[in-house]
Every structure is written in C-alpha cells, then in structure tokens.
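Note that the protein sequences, when read in sequence, are chains A and B.
Those letters in the first sequence? Residues 1 to 506, per the UniProt record's numbering, in order.
Those letters in the second sequence? Residues 1 to 506, per the UniProt record's numbering, in order.
Protein chains: 2
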Amino acid sequence: MALGWKRLVKTNNFGYHFVHQFRAVSQISYTRPSKNASFSKLSSEDISYLKRVVTPRGVVEEKEALEPFNTDWIGKYKGNSSIVLKPSSTDQVSKILQYCYEKKLPIVPQGGNTGLVGGSVPVFDEIILNLGNMNRIRDFDNKSGIVTCEAGVVLESLSNFVSEQGYTFPLDLGAKGSCQIGGNLATNAGGTRFLRYGSLHGSTLGLEVVLSNGKVLNMLSSLRKDNTGYHLPHLFIGSEGTLGIITAASICCPKKCRSVHTALLGVDSFDKVTELLVRCKDEVGEILSAFEFMDRNAVELATKLLSHVRDPFSESFPFYVLIETSGSNEHHDMEKLEKFLEYCYSGDLISDAVLAQDQSQMNQLWTLRESMPEAVNRSGKHIFKYDLSIPLEHFYTLVTEMRSRLVEYPCHVVSWGHIGDCNLHLNISSSESNESLSKLIEPYVYEWTCSHGGSISAEHGVGRVKSKYLPMSKDMEAIEWMKQLKQLFDPVGILNPYKIFSQREE
Amino acid sequence: MALGWKRLVKTNNFGYHFVHQFRAVSQISYTRPSKNASFSKLSSEDISYLKRVVTPRGVVEEKEALEPFNTDWIGKYKGNSSIVLKPSSTDQVSKILQYCYEKKLPIVPQGGNTGLVGGSVPVFDEIILNLGNMNRIRDFDNKSGIVTCEAGVVLESLSNFVSEQGYTFPLDLGAKGSCQIGGNLATNAGGTRFLRYGSLHGSTLGLEVVLSNGKVLNMLSSLRKDNTGYHLPHLFIGSEGTLGIITAASICCPKKCRSVHTALLGVDSFDKVTELLVRCKDEVGEILSAFEFMDRNAVELATKLLSHVRDPFSESFPFYVLIETSGSNEHHDMEKLEKFLEYCYSGDLISDAVLAQDQSQMNQLWTLRESMPEAVNRSGKHIFKYDLSIPLEHFYTLVTEMRSRLVEYPCHVVSWGHIGDCNLHLNISSSESNESLSKLIEPYVYEWTCSHGGSISAEHGVGRVKSKYLPMSKDMEAIEWMKQLKQLFDPVGILNPYKIFSQREE
Chain A
1 MALGWKRLVK TNNFGYHFVH QFRAVSQISY TRPSKNASFS KLSSEDISYL
51 KRVVTPRGVV EEKEALEPFN TDWIGKYKGN SSIVLKPSST DQVSKILQYC
101 YEKKLPIVPQ GGNTGLVGGS VPVFDEIILN LGNMNRIRDF DNKSGIVTCE
151 AGVVLESLSN FVSEQGYTFP LDLGAKGSCQ IGGNLATNAG GTRFLRYGSL
201 HGSTLGLEVV LSNGKVLNML SSLRKDNTGY HLPHLFIGSE GTLGIITAAS
251 ICCPKKCRSV HTALLGVDSF DKVTELLVRC KDEVGEILSA FEFMDRNAVE
301 LATKLLSHVR DPFSESFPFY VLIETSGSNE HHDMEKLEKF LEYCYSGDLI
351 SDAVLAQDQS QMNQLWTLRE SMPEAVNRSG KHIFKYDLSI PLEHFYTLVT
401 EMRSRLVEYP CHVVSWGHIG DCNLHLNISS SESNESLSKL IEPYVYEWTC
451 SHGGSISAEH GVGRVKSKYL PMSKDMEAIE WMKQLKQLFD PVGILNPYKI
501 FSQREE
Chain B
1 MALGWKRLVK TNNFGYHFVH QFRAVSQISY TRPSKNASFS KLSSEDISYL
51 KRVVTPRGVV EEKEALEPFN TDWIGKYKGN SSIVLKPSST DQVSKILQYC
101 YEKKLPIVPQ GGNTGLVGGS VPVFDEIILN LGNMNRIRDF DNKSGIVTCE
151 AGVVLESLSN FVSEQGYTFP LDLGAKGSCQ IGGNLATNAG GTRFLRYGSL
201 HGSTLGLEVV LSNGKVLNML SSLRKDNTGY HLPHLFIGSE GTLGIITAAS
251 ICCPKKCRSV HTALLGVDSF DKVTELLVRC KDEVGEILSA FEFMDRNAVE
301 LATKLLSHVR DPFSESFPFY VLIETSGSNE HHDMEKLEKF LEYCYSGDLI
351 SDAVLAQDQS QMNQLWTLRE SMPEAVNRSG KHIFKYDLSI PLEHFYTLVT
401 EMRSRLVEYP CHVVSWGHIG DCNLHLNISS SESNESLSKL IEPYVYEWTC
451 SHGGSISAEH GVGRVKSKYL PMSKDMEAIE WMKQLKQLFD PVGILNPYKI
501 FSQREE
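Here it is, written out as structure tokens:
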C-alpha cells in the first residue's frame with residue numbers, strides 16, 4: 001500500500017466473551033426503599049404451586065445457586081429472593097403471573113442479569129422470574145429477514161443465527177454473550193450498532209407480553225408496516241419489566257454486509273474527535289456502522305488489567321476512535337475508508353491509525369473496546385458507573401471536570417462510549433470506600449448532565465439506581481402519566497417493584 | 001455508455017404538486033355511527049370564547065370556506081362542522097382543549113387533511129382544530145440533524161428546510177405538498193423512504209402533546225438516546241389524534257446523500273418483480289432508498305388521465321419498478337446500479353429500463369409514481385381504496401383475484417405500492433354506483449388479506465373507514481387495552497370521536 005500509515009498488526013485470534021463475574025467486594029452504601037406492606041409473604045403452599053407450574057427443571061432454591069440471580073453484574077445490588085422460577089413457555093409465565101397477581105406476590109423479571117442499574121435483581125425477597133429457558137427461535141423469514149423468537153434467547157446466539165441466514169441482527173453490545181433479547185427489549189438496549197440501525201423501537205415489529213394478571217397480550221407481527229390501532233409494543237420496550245413480561249418478539253433484521261472493515265485511530269485532542277465524527281459521516285456515509293470512543297485512561301486500564309486485551313499502537317494517545325464500516329462492495333468500502341483516513345492524516349486530525357487486515361485483528365480492536373466494563377470492574381472495589389447522553393459540544397467536558405474535582409482522591413476516572421450517538425460511559429473506580437468522594441460525585445454528575453441538555457440514562461435505563469433522579473430528565477407531567485400507566489397495567493404493583501419510580505426510603 | 005439498454009429520455013422539467021381537489025361526486029353509501037349523546041351542542045357562548053382564544057385570524061365560519069375542512073381528500077367522507085379553529089400556539093391549543101373538556105365539546109384534530117380513511121374530518125358537527133397555523137421550525141441542530149418543529153409544518157417545506165442544511169428528512173410521500181408533519185406523526189405515515197430510513201417510531205425523538213384536558217405533555221428531546229422511563233411519545237404516534245393532539249416534534253434526520261439515481265424498469269411477470277427486489281437488496285445494498293411498484297393498469301390510467309404524466313417507454317409492460325439509490329459517492333453508486341441493471345438485463349429479469357440522466361428525468365419518473373392517487377380519483381365517481389400489508393409471496397395475487405371477481409363490472413382495478421416494505425395500494429374505481437359491486441369487494445378484500453397473513457392498514461391508519469374491521473388485524477385483548485388507554489387519556493371521549501374503534505351504528 002502507498003499509504004505509509006496503514007500499519008499491519010499481528011495478533012492472535014481470540015473471541016471476546018463476556019465473563020459473568022461476581023466479585024467479593026464490600027457494598028457501597030445505598031439506601032433501600034421501604035418494603036411494600038401490601039405484598040404477601042411467599043408461603044410453602046405458594047412454592048408448591050409455582051413448582052408444579054414450572055416443573056422441577058424450572059426451579060432454583062439452593063442458597064448458593066441463588067446467589068448469581070440475586071446479585072447484579074457489578075456486585076453492587078443484592079436481593080434476597082428464596083426462589084428463581086425458570087418457565088419454559090408463555091403458558092407457564094401466564095400461570096405464574098395469574099397466581100402471583102391473585103396472591104399479591106411480587107416478581108422481578110430477569111434475562112441475562114447483565115444490567116447496570118440494579119433493575120434485574122430483587123430489592124427484598126421478590127420471586128425471580130428468569131426467562132433463560134424460553135430460548136427458542138420460533139420463526140425466520142428468509143425473504144424479509146424477520147425473526148420471531150422467545151425472550152430468553154442470548155443475544156449472541158440470535159446474532160449468529162441470523163448471520164448464518166445472511167442477515168445482521170440490528171443490536172450488538174459487549175454483554176452479548178450473556179444478555180438475552182427479552183432483557184434487551186425491556187431496557188431498550190442501545191449498543192454499538194445503534195448508529196447504523198437505530199433503536200429497538202425502529203426494528204421491533206411485535207411483542208408477546210404477559211400482563212401482571214397473567215393475560216397474554218399477543219402483539220406479534222411479521223409485517224414491516226401495520227397501522228391498525230395504537231402501537232402498544234412500544235410501551236413495553238424500555239419499561240424495564242414494570243408493565244408486563246416480554247415473552248417473545250419479532251424483529252426486522254437488515255441484510256448482512258459482505259464487506260466489514262475496522263480501524264482504530266489515535267487522536268491528540270477531543271476537538272479533533274468531534275471533527276472526525278462529522279467528517280466521517282460525510283465521507284464514509286452510508287457504510288459507517290460504528291464510531292466508538294475511548295480515552296487514554298480507559299485504554300490503559302484495560303491493557304494493564306486484562307491480559308487478553310492489547311493496544312495495537314506502540315505509543316499512547318489522549319483519545320482513541322474505533323470505526324467500523326459495513327457495506328455491500330469490498331472495493332468501494334475500502335476506497336471510501338482509505339480516502340477518509342488519508343484526509344484525516346493529511347489534515348492532522350489523527351496521530352496514528354491501524355486498519356484491521358483480518359478477522360483476528362478486527363476481534364482485537366473490538367475486544368479492546370468491549371473489555372472496558374470488565375477492566376473498570378477489576379480496577380477498584382467501589383465503582384460509580386454513568387451512562388449519559390450529552391450533546392457533542394459538552395461531551396468530554398464532564399470527564400475533565402470530574403478529574404479536577406476528584407484530584408485529591410486515589411481513583412480512576414475513565415470514559416468511553418458510543419460518541420456517534422452522543423452516549424458517554426463515565427466510570428469512576430476507587431479502592432477505598434470514602435463518603436466524601438461519593439458526595440463529590442453524586443448528584444453532581446447528574447446535575448451537570450441535565451444542566452448541559454443531556455439525559456441521566458442514555459441506554460442502561462433507570463432501574464433502582466437512578467429512580468430518584470428521574471425528575472431531572474423527565475417532565476413531572478410525563479412522570480405522572482407514566483405512573484398512571486403503571487397503575488393501569490399493574491394495579492397490584494407486583495411487576496419489578498421499587499424500580500424506575502422513586503419510593504419512600506427506609 | 002456501453003450498455004445498450006441505458007436509454008436517454010428527454011423530458012421537460014416539472015415538479016409534481018399534490019393538488020387538493022374536491023370532486024363534485026355523489027357519495028358512496030356508508031353507515032354512520034350513532035351520535036354520542038353525552039356531547040354538548042356548541043353554543044354561541046362557546047363560539048365567543050373559542051374565537052377569543054384563537055383571535056379572528058384563527059377562525060373559519062363561512063359555509064363555503066368550511067367545505068374543504070369538512071370534506072376528506074377523496075370526497076367520500078363529509079362532516080358538518082360549523083367552525084374551524086386554527087390556533088397559532090401550543091398555549092392556544094391547551095386553552096381550547098381545557099374548555100372543550102369541561103364543556104364536553106368534541107374535536108377533530110386536522111393537519112393537511114390528506115388522509116384516506118376519513119380520520120381527519122368530522123362525522124357530525126365536531127369542532128375542527130386545524131394545526132396549519134402552527135408552522136414554525138423551532139430549532140435545528142446542524143451537527144446532529146435533529147429538527148424540532150411545530151405540527152403544522154407542511155412536509156415538503158420541512159423536507160426542503162433540512163435539505164438546505166445538508167440533511168434528508170426521513171419521510172417522503174406523494175401528499176408532501178399538503179400534508180403536515182403533525183398529521184404524519186398522528187397517522188404514523190410510511191411513504192417511499194420507509195424502506196431506507198424506517199418508521200417514524202425510529203426517527204422521532206420526542207413530541208409535545210396537548211392532552212384532552214388541556215394539559216401540555218412536554219416530551220420533546222434532542223437526544224438520540226434517552227432511556228429514562230416509559231417511552232410515551234410512541235403512544236401518540238399512529239393514534240390518529242384520539243389520545244392527544246401533537247403540537248410539536250423533534251425528529252432525527254440522516255445526512256443528505258450527494259448522489260441520487262432513479263431508474264424505471266419494465267418487467268414482464270410478477271415473479272420477476274420479487275426476484276428483482278431480493279437481488280436489488282443484495283447488489284445495491286446500503287444505497288437503496290426506494291423500490292416502488294406499479295402495474296400496467298395503474299400506469300395506463302395515469303398517463304391517459306393526467307396530461308403532465310408520461311411513461312418514458314415506447315411500449316407497455318405488465319409491471320413497473322421504480323428504483324432510487326442514494327449514496328455518498330457518485331462513482332460507486334453508479335457502478336453498483338449499473339452492475340445490478342446489467343445483471344437484470346442479462347438474466348432476463350427486466351424487459352426494458354431507463355435511468356434518469358438529470359433532475360428533470362428523475363422528476364418525471366417520480367411524478368409517474370406519485371400521480372397514481374390523483375389518476376384513480378379522476379377515473380370514476382366511486383372509489384375503493386385499500387392500503388394493505390401483504391407478504392411478498394401473495395402480494396399480487398389479490399389484484400388478479402379482484403380482477404376476475406369483478407370481471408363483469410365496468411371498473412378499473414389498479415395497484416401500486418411500496419413493495420420493498422410489502423405495502424400494496426389496491427384501488428378500484430367505477431363510474432356507476434352499484435351495490436352488488438360493493439358487496440363483491442368488501443369485506444372480501446380485508447378477509448383475503450388477513451387470511452394471507454397481512455394487515456388491513458399498512459400506513460393509512462384506521463380512521464372511520466376501517467374501524468369495524470380492526471378485529472381482523474388485531475387481537476381482541478390488544479383492542480381492549482387500546483380502549484383502556486383511550487379511556488385513560490381521554491375520559492370524556494372528545495378527541496376525534498367515532499374513529500379507530502367501531503361504534504354502534506345508526
């Protein structure tokens with residue numbers, strides 16, 4: 001190649017797998033809401049009935065086996081449920097809910113339990129209803145790319161399945177090896193392909209949902225267009241299991257692209273990162289499928305703490321941008337990407353760049369990006385995770401502000417994110433518990449974000465963590481209507497209680 | 001050019017404008033629901049108050065001037081309202097609704113009144129609330145392409161505005177010269193760009209809605225990602241003005257493509273049309289921005305009845321496909337399109353093809369496609385319009401079946417549609433009113449569609465026309481929940497009464 005900067009990087013081929021790790025760390029103090037006194041206590045009679053519904057295969061009761069279901073991924077939130085039900089059909093889910101509705105027994109719906117806002121674990125002793133056994137692909141239409149599957153299908157399996165049929169699943173995220181499509185839908189997951197394929201509200205054609213009273217709402221559809229009445233599925237997408245339990249979905253997948261390229265760019269200022277984004281959308285245009293951002297601190301943390309993660313550059317840069325293109329013509333795509341990189345290089349927008357030459361190198365670049373959450377998890381006992389939408393002009397200012405603000409504390413302030421969608425993942429980790437540190441961080445991060453026109457949750461949801469900050473991002477009138485919808489769909493309040501809406505605290 | 005089939009077609013440059021025509025035709029008989037006895041009759045006191053709210057500029061009362069607001073575009077549905085209110089601000093809409101809510105005065109929200117299901121005109125004497133004076137663009141972010149505008153902005157104006165800023169509005173349809181974005185959102189309009197940019201559920205970031213009691217629900221957002229609580233705007237998108245009145249919206253627009261190409265293909269069998277679609281998605285891939293279908297009968301009707309419409313071919317074909325590509329690189333796009341056309345030609349998939357050489361020729365091809373509704377309108381006094389989603393394998397069978405079924409009647413059976421999204425527009429026109437003809441058409445068309453896995457409304461909505469057929473396309477449990485939502489958001493039932501849900505008939 002004539003372009004001197006196009007470096008060949010030799011790597012081993014390794015696939016990244018999201019490791020479900022429960023760390024033996026002390027809990028950061030958090031307030032717990034008051035327990036809802038109207039709920040019943042699970043009796044032995046209830047347990048017998050529920051066990052009959054799901055058969056022995058669908059029950060977890062042993063203390064140790066319950067632990068991973070009761071604990072969230074970062075080990076921050078822990079519930080105390082004594083039973084996990086794993087139904088294997090919509091009918092079983094329906095029977096469980098009908099019973100719990102009548103008996104006033106609260107339920108936490110759970111997918112892969114990879115959420116980061118404490119939404120998928122109990123607060124007290126709610127029954128855990130894990131959808132993992134409902135993992136069948138019900139239908140796939142090879143002409144339209146529409147897949148209908150159950151809620152418990154693991155995202156990576158679903159993605160591989162549609163890929164084998166010549167299609168691309170429109171959602172991809174680091175937790176793909178564990179998270180389930182039902183949980184993705186319930187939390188309106190975003191991820192790295194959002195930039196190209198948009199939100200699940202755009203790609204989901206229909207849902208099957210079991211309501212709190214056990215009735216099955218069949219809204220499955222295999223039609224791209226259907227304007228008959230209100231578009232109910234959207235109510236459940238992103239409602240975090242508080243309005244109904246998603247048991248199946250039909251999703252429209254775009255055609256798989258024949259040609260995929262991945263590049264990593266080293267950049268010396270944040271202004272250049274934003275200029276790169278604008279220019280990349282212009283030059284690479286319709287084939288741009290990811291534009292991901294990492295700062296130096298994040299990259300250094302990952303390469304230091306995780307042996308399988310490598311930085312392909314020999315020197316380090318203040319910022320890194322991972323670009324992916326996906327198109328139908330290898331030659332055209334490469335020409336566009338090279339032209340763009342050439343422009344960047346000649347305009348001094350980038351300090352260095354590597355272009356993956358094979359699948360192994362692509363994996364290496366994506367592994368670097370996707371290992372960030374795990375790296376942070378290992379970097380300290382106390383972790384503060386923020387998933388913010390921030391307008392581009394203010395995107396990185398918060399990170400530098402937090403570094404100044406916390407300069408006296410021994411902690412890591414690292415960031416990465418889907419900058420193409422203005423989605424920043426700010427992470428702060430510390431080895432020592434320190435109340436004054438906590439107070440410097442929260443609610444400042446949320447206040448700063450809202451005062452700069454952002455959102456306190458771009459893609460992770462509200463769960464338990466952010467419920468008290470919800471009014472910062474939503475109009476009070478809108479919150480009132482959300483509560484009315486909750487009351488309408490779940491009048492007894494058994495579905496994922498204590499989540500989204502703030503509660504009176506103990 | 002080496003390719004023999006690439007024909008140059010000389011045309012004049014003319015832009016197509018959707019002509020708002022009210023035809024002096026006799027009405028096809030239709031049943032009318034019973035009037036809701038709980039509504040009040042508009043008094044002179046009411047009129048005085050409402051006139052003060054909107055100022056004299058915002059009132060229409062003269063009989064002749066009321067006519068176009070009372071009559072739907074195809075002249076089939078006529079209301080008898082004595083007043084049209086044209087508020088110029090959200091505050092005025094709020095005051096009107098607060099008053100009407102208290103006084104139990106029913107309201108029909110109306111945009112450009114280009115709907116085809118009788119949804120935007122009164123059934124009796126409901127007040128017409130036309131949003132046409134709320135036509136300001138409130139904000140445009142040049143970095144993200146997010147536009148925030150009021151409901152009454154005409155789609156074409158909005159499209160031109162964002163185009164001048166270097167972006168593409170994600171929605172386009174034949175009625176663009178008259179229809180308004182508020183109406184588009186209220187009906188979840190589809191159109192020709194759906195194939196590329198998806199539905200309004202995907203591109204709409206936020207809405208401002210006035211509820212039936214006059215309260216303003218501010219859900220406007222300029223963030224691509226925001227997972228804080230339930231995603232309420234989706235409830236109003238496609239609810240046809242029955243849950244609230246959309247007064248403003250923020251919509252995300254993709255970057256404008258530098259290179260746009262349009263081709264028209266003549267095809268000799270429907271099987272080849274479907275093969276073309278599959279192949280086109282493969283070959284033209286990410287730059288495909290429209291794949292539209294017309295049958296010979298439709299094209300012949302348009303060229304015969306409309307002097308400004310021309311068929312570029314010298315001979316006629318059973319089927320026509322209009323393809324548009326939009327990409328970032330002129331050279332790449334043309335290469336892809338030419339390769340595809342060459343493949344089609346050599347594989348005998350197409351009988352003839354023209355590729356527009358300039359804007360004037362592009363306009364000619366799009367005019368042919370977009371003039372279809374007007375041509376049908378002129379072809380007979382009695383028109384039956386169907387907007388169906390039908391799986392590809394059955395897509396055209398209904399049209400041929402209807403021709404056989406109606407062979408003894410002097411009528412036109414023509415079809416076109418967004419075949420890339422499996423959306424068929426079947427139209428039947430007759431010069432004479434004939435009850436036995438009507439009975440042969442309905443409910444057969446709907447029954448056939450549903451028995452073949454389709455939907456009775458792909459993009460036009462339910463309105464008044466299809467309310468009694470709603471249970472054919474939606475589960476009864478889902479319809480019950482829609483009714484509960486209607487009851488929750490509009491307990492007095494003043495918003496667009498007698499629409500979507502079937503009523504007791506007179």
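A virtual CB, placed ideally from N, CA and C, is assigned to each residue, including glycine.
Predicted model only: the values in this text are computed from it and were never measured.
Where the segment 454-485 of chain B meets chain A: residues whose CB sits under 8 Å from a CB there: Correct list: Gly454, Ser455, Ile456, Ser457, Ala458, Glu459, His460, Gly461, Val462, Lys466, Leu470, Ser473, Lys474, Asp475, Glu477, Ala478, Ile479, Trp481, Met482, Gln484, Leu485.
First and last residue of the uninterrupted beta strand (DSSP E) at Phe293/B: Unbroken beta strand (DSSP E) run through Phe293/B: 288-295.
Residues in the segment 162-174 of chain A having any Cβ partner in chain B nearer than 7 Å: Going along the segment 162-174 of chain A in chain order, one finds no residue with a Cβ nearer than 7 Å to chain B.
Nearest-angstrom beta carbon gap, Arg258/A and Glu330/A [assumed within contact, 8 Å]: Yes, they are in contact, since the Cβ atoms of Glu330/A and Arg258/A sit about 7 Å apart, within 8 Å.
Sequence ranges, beta strand (DSSP E) only - wholly within the segment 306-356 of chain A, length at least 3: Note on the segment 306-356 of chain A: whole beta strand (DSSP E) runs with a minimum of 3 residues are 319-327, 352-355, in chain order.
Test item: CB-CB of Ile428/A and Val407/A under 8 Å: Their beta carbons are not under 8 Å apart, which means Ile428/A does not touch Val407/A by this criterion.
Spatially closest choice to His460/B from Pro443/B, Ala356/B, Ala189/B, by CA coordinates: Scanning Pro443/B, Ala356/B, Ala189/B for the CA closest to the CA of His460/B turns up Ala189/B.
Beta-ladder partner(s) of Lys255/B, from DSSP: In the DSSP assignment, Lys255/B is bridged to Tyr167/B.
Same chain, Cβ closer than 6 Å to Gln92/B, five either side skipped, listed in chain order: Here the set comprises Val53, Val54.
Chain B contact residues for Asp421/A, given Cβ-Cβ distances below 8 Å: Within chain B, the residues near Asp421/A are Arg224, Lys225.
Same chain, Cβ closer than 7 Å to Gly15/A, five either side skipped, listed in chain order: Residue placement at Gly15/A is flagged as unreliable, the pLDDT there being 27, under the threshold of 50; the coordinate-derived value follows with that caveat. Close CB contacts of Gly15/A within its chain, under the 7 Å cut and outside five residues either way in sequence, are with Asn363 (chain order).
Segment contact flag, the segment 338-349 of chain B with the segment 142-157 of chain B, C-beta cutoff 8 Å, min 3 pairs: The segment 338-349 of chain B vs the segment 142-157 of chain B: no contact.
Exposure label - Asn12/B; buried when at least 16 CB within 10 Å: Unreliable placement is indicated for Asn12/B, whose pLDDT of 27 sits below 50; the coordinate value is still reported in the next sentence. Asn12/B should be labelled exposed.
Residue range of the alpha helix (DSSP H) that includes Asp46/B: Counting along the chain, the alpha helix (DSSP H) containing Asp46/B begins and ends at 44-54.
Assigned exposure category for Gln180/B - 16 Cβ within 10 Å defines buried: Classification for Gln180/B: buried.
Minimum C-alpha distance to Gly229/B - residue among Gly493/A, Pro491/A, Gln484/A, Ile479/A: Ranking Gly493/A, Pro491/A, Gln484/A, Ile479/A by Cα distance to Gly229/B puts Ile479/A first.
Closest residue to Asn218/A among His231/A, Ile83/A, Ser81/A (Cα-Cα distance): Of the candidates His231/A, Ile83/A, Ser81/A, the one whose C-alpha sits nearest the C-alpha of Asn218/A is His231/A.
8 Å Cβ cut-off: residues of chain A touching Phe194/B: Those are Arg224, Lys225, listed as they occur along chain A.
Neighbouring residues, chain B, relative to Asp282/A (Cβ below 8 Å): When 8 Å is used as the limit between beta carbons, Asp282/A is near these residues of chain B: Lys255, Ser328, in chain order.
For Lys499/A, the three-state DSSP class (helix, strand or coil): DSSP places Lys499/A in the coil class of the three-state scheme, outside both helix and strand.
Strand pairing of Leu85/A, partner residues [DSSP]: Partner(s): Val59/A, Leu129/A.
Chain A within 8 Å of Leu207/B, Cβ atoms only: The C-beta of Leu207/B comes no closer than 8 Å to any C-beta of chain A.
Secondary structure of Trp481/A, DSSP reduced to three states: Assigned with DSSP and collapsed to three states, Trp481/A falls in helix.
7 Å CB neighbourhood of Pro233/B in its chain, flanking five on each side removed: Excluding the 5 residues flanking it on each side, Pro233/B has same chain C-beta neighbours closer than 7 Å at Thr204, Gly206, Leu207, Met219, in chain order.
Residue range of the alpha helix (DSSP H) that includes residue 521/A: Residue 521/A lies beyond the residue range present for chain A, which begins at 1 and ends at 506; the question has no answer from this structure.
Residue interval of the alpha helix (DSSP H) (run including Trp366/A): It spans 359-370 - the alpha helix (DSSP H) in which Trp366/A sits, taken as one unbroken run.
Val376/B - DSSP class collapsed to helix/strand/coil: Looking at Val376/B - three-state DSSP - the assignment turns out to be helix.
Three-state secondary structure (DSSP) of Tyr230/B: Here Tyr230/B sits in coil by DSSP.
N-terminal and C-terminal residue of the alpha helix (DSSP H) that Gly183/A is part of: 181-186 is the span of the alpha helix (DSSP H), which, as asked, contains Gly183/A.
Assigned secondary structure, Met134/A (DSSP; H/G/I helix, E/B strand, else coil): Of the three classes helix, strand and coil, the one that applies to Met134/A here is coil, per DSSP.
Contacts around Arg464/A, its chain only, beta-carbon distance under 7 Å, and the 5 residues preceding and following it disregarded: In the same chain as Arg464/A, and ignoring 5 residues on each side of it, the C-beta atoms closer than 7 Å to its own belong to Tyr77, Val117, Gly118, Gly119, Val123, Tyr498, Lys499, in chain order.
8 Å Cβ shell around Val309/A - same chain, five flanking residues per side excluded: Once the five neighbours on either side are set aside, the close Cβ partners of Val309/A are Ala302, Thr303, Thr367, Leu368, Ser371, Ala375.
CB contact flag (His261/B, Leu341/B, <8 Å): No, the Cβ-Cβ distance between His261/B and Leu341/B is not below 8 Å.
Listed by chain order, chain B residues near Asn218/A by CB distance under 8 Å: Under the 8 Å cutoff, chain B gives Asp475, Glu477, Ala478.
Meets three-Cβ-pair contact criterion under 8 Å: the segment 123-142 of chain B and the segment 261-276 of chain B: By the Cβ rule, the segment 123-142 of chain B does not count as touching the segment 261-276 of chain B, because fewer than three pairs are nearer than 8 Å.
Test item: CB-CB of Leu223/B and Ser389/A under 8 Å: If you check the CB distance, Leu223/B and Ser389/A come in under 8 Å.
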